[in-house]
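Step one of this worksheet: look at the structure below.
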Amino acid sequence: MNALWEIQGEAGRTLDATRRTVTDVGLLGAVLTLTSLDVDTLTWTQRGGMVPDDRQELWLFRNGECVFQGKVTRRKFRYEAGSGRAYALVASGGLYEASIGQIVDEATDGSGATATRPSIQFPPGSLRSMVSRLIAAMPGVTEGDISDIDLATVAGEFLVGRQTFTGGTYLNVLMDLLKPVADVAGRIDYSQPGQRKLCIERRPGMETLTLQLGVDDVGEVDLTPRSELRLTGVALATTARNAEGKTVYSAQVSGDGARLVPYSGPEVGAFVPPDNLPMVEIQTAPVTGAWDEVKVLDADIAKAIAEYGDFTPGGPRGLYSSTFETFRYADWATRYEALPFGVSVKNESGAVDTGYRFVSGQMVDFLKTDYNVVEKTLQVSGNIIGEWLGGFADAPLLFQSLMSKIGVTRTGFTAPVNGMLVTQYSLSFSYTVPAINVSYPTLQTLYAKAAYEYLTPPENLAENMRRAGDFTPYEGAAILNPKYPWQQWLCKRLNVVNGDADLATAGALIQSATVPLQSGVVTLKTGAPPRVPLNAVIGRYAGNSAKDNIVEL
0 MNALWEIQGE AGRTLDATRR TVTDVGLLGA VLTLTSLDVD TLTWTQRGGM VPDDRQELWL
60 FRNGECVFQG KVTRRKFRYE AGSGRAYALV ASGGLYEASI GQIVDEATDG SGATATRPSI
120 QFPPGSLRSM VSRLIAAMPG VTEGDISDID LATVAGEFLV GRQTFTGGTY LNVLMDLLKP
180 VADVAGRIDY SQPGQRKLCI ERRPGMETLT LQLGVDDVGE VDLTPRSELR LTGVALATTA
240 RNAEGKTVYS AQVSGDGARL VPYSGPEVGA FVPPDNLPMV EIQTAPVTGA WDEVKVLDAD
300 IAKAIAEYGD FTPGGPRGLY SSTFETFRYA DWATRYEALP FGVSVKNESG AVDTGYRFVS
360 GQMVDFLKTD YNVVEKTLQV SGNIIGEWLG GFADAPLLFQ SLMSKIGVTR TGFTAPVNGM
420 LVTQYSLSFS YTVPAINVSY PTLQTLYAKA AYEYLTPPEN LAENMRRAGD FTPYEGAAIL
480 NPKYPWQQWL CKRLNVVNGD ADLATAGALI QSATVPLQSG VVTLKTGAPP RVPLNAVIGR
540 YAGNSAKDNI VEL
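Per numbering that gives the first Met the number 0, the sequence shown starts with residue 0, numbered consecutively.
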């Protein structure tokens with residue numbers, strides 16, 4: 000029984016909204032072609048009748064079911080003497096608007112204002128979410144139920160790196176997004192007139208169409224296995240930099256016999272960080288006002304020590320203490336302390352502060368920008384207490400020198416033991432210290448950071464890509480006679496029994512269905528979507544922008 004093919008257009012147009020048979024309208028040689036992830040078409044000629052207007056919508060029905068909705072995109076007029084007038088027409092459905100629509104998105108400039116620009120960027124994340132976002136903005140189709148976008152894997156979400164696209168069409172961007180997924184297919188659901196829903200599926204979740212040779216009404220089967228396209232392994236070649244800024248090559252690998260896919264590195268784009276970065280060796284100590292710090296940083300004290308030598312612990316006489324209360328007669332000849340007391344450390348504003356002085360190295364500009372180092376100047380002040388038996392002439396030469404150079408407050412008292420005289424002096428000191436806010440207690444080598452770093456692939460990306468391509472593609476065709484039951488042909492796996500044994504489990508991806516309306520014969524072609532070849536994963540993966548090779552720091 001021949002199928003009933005009907006067509007209708009839009010109210011107020013030459014081909015109006017009344018549903019009529021294609022014969023009544025005058026369609027000649029009409030052919031319907033449905034293609035996975037590409038533009039579906041209806042082509043025909045007319046020599047008269049209700050020739051539809053350019054750009055008008057039309058719907059095609061088979062036995063009452065809507066199987067195509069499109070817009071007239073080609074309307075060629077031809078006249079020949081003796082033959083009369085004729086039109087060659089093409090109606091494009093599904094993804095037509097997406098195939099000509101330029102990608103645009105909102106971009107933020109340096110001032111914080113937004114503007115529309117012919118580019119779109121997807122941050123690292125789920126490929127499914129990227130496709131969903133794109134479809135939501137895509138003209139001419141609706142996303143429909145999110146469950147129809149099946150991009151999950153056994154391992155979980157299919158995560159990919161940042162993707163940037165500039166100047167392309169929505170359909171081109173969709174195909175580039177899907178390049179890592181070798182087993183993907185798509186179709187447009189026209190079953191609800193006025194709504195064209197894009198469905199994207201992967202091979203493991205597709206329904207199977209099984210042809211039984213000698214039983215089913217099959218006219219021809221011609222299938223060729225392409226085992227060389229099976230993806231048994233993937234190695235995502237990446238580049239990083241070590242602490243010295245030198246490039247280091249690595250790879251995220253899944254499977255055996257891996258095909259090398261450039262993910263990041265000099266070979267992917269023009270962004271090449273330098274191999275030699277500025278460096279500094281640095282060590283710091285906290286600014287405390289301790290004696291070892293004072294005698295180095297206070298110029299007067301350092302000069303006196305250079306001339307007379309430092310205090311000598313355990314000398315024949317003398318006790319140097321940070322507090323008067325520690326004085327004990329029995330310790331005069333053995334006890335020694337040279338510690339300042341009443342020390343204060345303040346910043347330029349006069350507030351109590353802390354910081355770290357350079358023991359080794361010096362301040363360089365990249366410490367500020369790359370390591371958040373802040374310079375400060377600290378004012379250190381305090382006192383040194385001297386205590387000894389006898390008067391001024393009995394003081395150590397260093398102390399005498401210091402008393403002649405810096406401010407001195409003299410006090411005296413009688414020792415509580417044997418009535419001996421004890422002399423006490425308080426010598427003040429004050430100096431400034433260049434300091435920073437970050438501690439480097441051990442000697443470290445710090446390198447300036449480059450303006451950008453190479454990107455690394457998300458976890459399991461190589462594994463997900465391998466799983467998506469780990470099957471043997473079959474290329475070819477199957478021709479079904481008109482009595483074979485009509486169905487949704489795309490997004491299905493094709494098996495053939497009663498023929499070659501391997502074909503019984505081939506799972507060949509159906510990528511297009513072509514139907515001349517007059518004959519009703521269906522030709523199914525298998526292989527990869529025209530815009531997503533099965534070996535695309537061995538080409539450049541990183542989208543169409545070299546910026547996806549790096550991340551700016």
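Each residue gets a CB set at the ideal place from its N, CA and C atoms; glycine is no exception.
Measure the alpha-carbon distance for V66 versus L26 and round it to whole angstroms. Within the sequence shown, residue 66 is the residue found at index 67, counting from 1. Within the sequence shown, residue 26 is the residue found at index 27, counting from 1. V66 and L26: Cα-Cα distance of roughly 17 Å.
Assess, as a yes-or-no matter, whether the stretch 208 to 225 is touched by the stretch 465 to 476 under the definition of 3 or more beta carbon pairs within less than 8 Å. Taking one beta carbon from each stretch, the stretch 465 to 476 and the stretch 208 to 225 have 3 or more pairs nearer than 8 Å; the two touch.
So, with DSSP's three-state summary, where would you put Y370? Position 371 of the sequence shown, counting from 1, holds the residue named residue 370. Here Y370 sits in helix by DSSP.
Residue of L454, A85, G69 and L235 minimising C-alpha distance to V50: Here residue 50 is taken as the residue at index 51 of the sequence shown, counted from 1. Among L454, A85, G69 and L235, the Cα nearest to that of V50 belongs to A85.
Boundaries (first-last residue) of the alpha helix (DSSP H) holding V267: Indexing the sequence shown from 1 puts residue 267 at position 268. Counting along the chain, V267 falls outside any alpha helix (DSSP H), and DSSP gives it neither H nor E.
Looking at the structure shown, is E452 part of a helix, part of a strand, or coil, going by DSSP? For the purposes of this step, residue 452 is taken as residue 453 along the sequence shown, with counting starting at 1. In the displayed model, E452 falls within a strand according to three-state DSSP.
What three-state label does DSSP hand K245 in the structure shown? Position 246 of the sequence shown, counted from the first residue, corresponds to residue 245. Three-state DSSP puts K245 in coil, outside helix and strand.
Are the CB atoms of G93 and Q55 nearer to each other than 7 Å? To locate residue 93, count along the sequence shown from 1; it is residue 94. To locate residue 55, count along the sequence shown from 1; it is residue 56. No; because the gap between Cβ atoms is not below 7 Å, this pair is not in contact.
Going residue by residue through the stretch 64 to 109, where are the continuous beta strand (DSSP E) segments of at least 3 residues, counting only ones entirely within it? Runs found: 64 to 79, 83 to 92 and 104 to 107.
Which of the three DSSP states is assigned to Q487 in this structure? Working through the sequence shown from its first residue, we reach residue 487 at position 488. Of the three classes helix, strand and coil, the one that applies to Q487 here is coil, per DSSP.
How should N371 be labelled, buried or exposed, when 16 other C-beta atoms within 10 angstroms of its C-beta is the threshold for buried? For the purposes of this step, residue 371 is taken as the residue at position 372 of the sequence shown. The residue is exposed, with fewer than 16 neighbouring Cβ atoms inside 10 Å.
So is N463 buried or exposed if we call it buried at 16+ other beta carbons inside 10 Å? Taking the first residue of the sequence shown as position 1, residue 463 is located at position 464. Residue environment analysis places N463 among the buried positions, since at least 16 neighbouring C-beta atoms fall within 10 angstroms of its C-beta.
Got a sec? Which residues, its chain only, sit under 8 Å from V286 by beta carbon, not counting five neighbours each side? On the sequence shown, residue 286 is found 287 positions in, with the first residue counted as 1. The residues are E292, V344, T353, G354, Y355, R356, L377, V379, V432 and A434.
Closest by C-alpha distance to L366, when choosing among M129, Y453, K302 and K448: Within the sequence shown, numbered from 1, the residue matching residue 366 stands at position 367. Of M129, Y453, K302 and K448, the residue nearest in Cα terms is K448.
Let me make sure I understand the geometry here. Which of P224, D182, S190 and V214 has the alpha-carbon closest to that of G204? The count along the sequence shown starts at 1 and reaches residue 204 at position 205. Considering only P224, D182, S190 and V214, the residue with the shortest C-alpha distance to G204 is D182.
Taking 7 Å as the threshold (C-beta atoms), are T525 and L493 in contact? As a first step, residue 493 must be located in the sequence shown, where it is residue number 494. As a first step, residue 525 must be located in the sequence shown, where it is residue number 526. Contact: yes.
Simplified DSSP state of Y169, which is helix, strand or coil: Here residue 169 refers to the residue found at position 170 of the sequence shown. Three-state DSSP puts Y169 in a helix.
Who are P285's beta bridge partners in DSSP? Position 286 of the sequence shown holds residue 285. Paired residue(s): Y355.
Straight-line CA distance for R18 to E5? By one-based count along the sequence shown, residue 18 stands at place 19. By one-based count along the sequence shown, residue 5 stands at place 6. Going by the C-alpha atoms only, they are around 6 Å apart.
Three-state secondary structure (DSSP) at V130? Here residue 130 refers to the residue found at position 131 of the sequence shown. Three-state result, V130: helix.
Could you spell out where the beta strand (DSSP E) holding G468 opens and where it closes? For the purposes of this step, residue 468 is identified with residue 469 of the sequence shown, where counting begins at 1. Where G468 is concerned, there is no enclosing beta strand (DSSP E), although the alpha helix (DSSP H) around it starts and stops at L460 to G468.
Sheet register partners of Q378 (DSSP bridge): Counting from one through the sequence shown, the residue named residue 378 turns up at place 379. As a beta-bridge residue in DSSP terms, Q378 pairs with K345 and T431.
Can you name, in chain order, every residue of its own chain whose Cβ lies under 6 Å from the Cβ of V279, other than the five neighbours on each side? Counting from 1 along the sequence shown, the entry for residue 279 is found at position 280. Setting aside the 5 residues that flank it on each side, V279 is surrounded in the same chain by G360, V363 and L445, each with a C-beta closer than 6 Å to its C-beta; the list follows chain order.
Once the 5 residues before and after D297 are set aside, which same chain residues still bring their CB inside 6 Å of it? By one-based count along the sequence shown, residue 297 stands at place 298. Around D297: F428 and Y430.
CB-CB under 6 Å to N436, same chain, minus the five flanking residues each way: which ones, in chain order? If you number the sequence shown from 1, residue 436 lands on position 437. Taken in chain order, the residues that qualify are V373.
Rounded to the nearest angstrom, what separates L208 and D215 at their Cα positions? The residue you call residue 208 lines up with position 209 of the sequence shown. The residue you call residue 215 lines up with position 216 of the sequence shown. Their Cα atoms are separated by approximately 12 Å.
Kindly indicate the opening and closing residues of the beta strand (DSSP E) around A507. For this step, residue 507 is matched to residue 508 along the sequence shown. For A507, the uninterrupted beta strand (DSSP E) segment begins and ends at A507 to P515.
Going by alpha carbons, who is nearest to L176 out of R186, S190 and G160? Position 177 of the sequence shown, counted from the first residue, corresponds to residue 176. Per the C-alpha coordinates, the member of R186, S190 and G160 positioned closest to L176 is G160.
Buried or exposed for S511, going by 16 or more other Cβ atoms inside 10 Å? If you number the sequence shown from 1, residue 511 lands on position 512. The residue in question, S511, is buried, as its Cβ has 16 or more Cβ neighbours within 10 Å.
Below 6 Å CB to CB, which residues in the same chain sit around V140 once its five sequence neighbours on both sides are set aside? Stepping through the sequence shown from its first residue, residue 140 is reached at position 141. Closer than 6 Å at Cβ, skipping near neighbours: R195 and L197.
Inspect the beta-carbon positions of T32 and A87 and report whether they are closer than 7 Å. Taking the first residue of the sequence shown as 1, we reach residue 32 at position 33. Taking the first residue of the sequence shown as 1, we reach residue 87 at position 88. It is not a contact, given that the beta carbons lie outside the stated cut-off.
For the candidate residues A114, P179, G47 and G468, whose alpha-carbon lies nearest to that of S226? Locating residue 226 in the sequence shown gives position 227, counting from the first residue. Checked all of A114, P179, G47 and G468; the closest Cα to S226 is G468.
Span of the alpha helix (DSSP H), counted from its first residue to its last, around Y307: Here residue 307 corresponds to residue number 308 of the sequence shown, with the count starting at 1. Taken as a continuous stretch (DSSP letters only), the alpha helix (DSSP H) holding Y307 covers A298 to Y307.
Just to confirm before moving on: does the CB-CB distance between S263 and L460 stay below 7 Å? Taking the sequence shown and counting its residues from 1, the one referred to as residue 263 is at position 264. Taking the sequence shown and counting its residues from 1, the one referred to as residue 460 is at position 461. It is not a contact, given that the beta carbons lie outside the stated cut-off.
Classify P515 as buried or exposed, calling it buried when 16 or more other Cβ atoms lie within 10 Å of its own Cβ. One-based indexing of the sequence shown puts residue 515 at position 516. Result: exposed.
Please determine, among A500, Q517, S518 and V495, the residue with the shortest C-alpha to C-alpha distance to L508. Against the sequence shown, residue 508 aligns to sequence position 509. Here the closest residue by C-alpha is V495.
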